[in-house]
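Novice: In our numbering, the protein residues as written are 346 to 554.
Don't be surprised by glycine CBs; every beta carbon is placed ideally from N, CA and C.
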Ligand code: MG
């Protein structure tokens, strides 16, 4: 089958809240299209569903599935009073962030219910009994070093041979951004289990040997 180009759905991706460059989104779409026939894809850190939209549309074209993992309580920077807090995503009744209702609307509007399966849990809890090999893992979760290391340790062992590991927000220069994603990228390369195959802006693409 020829490689699919990203075809925006009628709900424009520009309108979806999130932090993903369109070129990175199109790269995720292409990777997911290649991976989806081999097994399920797992995304760590779905937030409002912007990257999930790209992964999901590609998987749907292939009859595949995407597990979209997020506790939906926001990362450190999303909390009340922090720099990336979004009042639309705050549940005042329980005094907590909740991006799940917004995420579900995005997935429904993109007609991706049935392709995208939300997993509402933190990474370590979800991974505790996980046993399903994954054709692709996209790590875009919390950017503290502890959280990034947890995501790497929890999910990288489940990438099947020949499968894809993509990591978002790679900044080699500390002045441009936080170093936790770059740190786990270096772990992946140093492990000898993954080879570095591509870089699209801040998206690193590795392949399980
Ligand atoms: Mg990100």
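#1: Determine the direct distance from the alpha carbon of residue 374 to that of residue 350, and round the result to whole angstroms.
#2: Can you give the beta carbon distance from residue 363 to residue 395, rounded, assuming they're within the 8 Å contact cut?
#3: Can you tell me whether residue 616 is buried or exposed? The criterion is at least 16 other CB atoms within 10 Å of its CB, across all chains shown.
#4: Which residues bound the alpha helix (DSSP H) around residue 457?
#5: Just to check, is the beta-carbon of residue 483 closer than 7 Å to a non-hydrogen atom of ligand 1?
#6: Can you determine whether any heavy atom of ligand 3 sits closer than 7 Å to the C-beta of residue 398, and answer yes or no?
#7: Could you tell me the distance, in whole angstroms, from the CA atom of residue 448 to the CA atom of residue 516?
#8: Does the separation of the CB atoms of residue 382 and residue 407 fall below 8 Å?
#9: Here's a check: name, in chain order, each residue in its chain whose Cβ is nearer than 7 Å to the Cβ of residue 430, leaving out the five neighbours to either side.
#10: Using three-state DSSP, classify residue 446 as helix, strand or coil.
#11: Hey, residue 401 and residue 411: beta-carbon distance below 8 Å or not?
Specialist: To lay it out plainly:
#1: Taking the CA atoms as reference points, residue 350 sits about 8 Å from residue 374.
#2: With 8 Å as the limit, residue 363 and residue 395 qualify as a contact, their Cβ atoms being about 3 Å apart.
#3: Beyond the ends of the chain as shown, which are 346 and 554, falls residue 616; an answer cannot be given.
#4: Following the DSSP letters along the chain, one finds residue 457 in no alpha helix (DSSP H), marked with neither H nor E.
#5: No, Cβ of residue 483 sits at least 7 Å from all heavy atoms of ligand 1.
#6: By its list of ligands, the structure shown excludes ligand 3, since it contains just ligand 1.
#7: Cα-Cα distance, rounded: 27 Å.
#8: Residue 382 places its beta carbon less than 8 Å from that of residue 407.
#9: Same-chain partners within the cutoff: 423 and 424.
#10: If DSSP states are grouped into helix, strand and coil, residue 446 belongs with the helices.
#11: Result yes, Cβ atoms of residue 401 and residue 411 sit closer than 8 Å.
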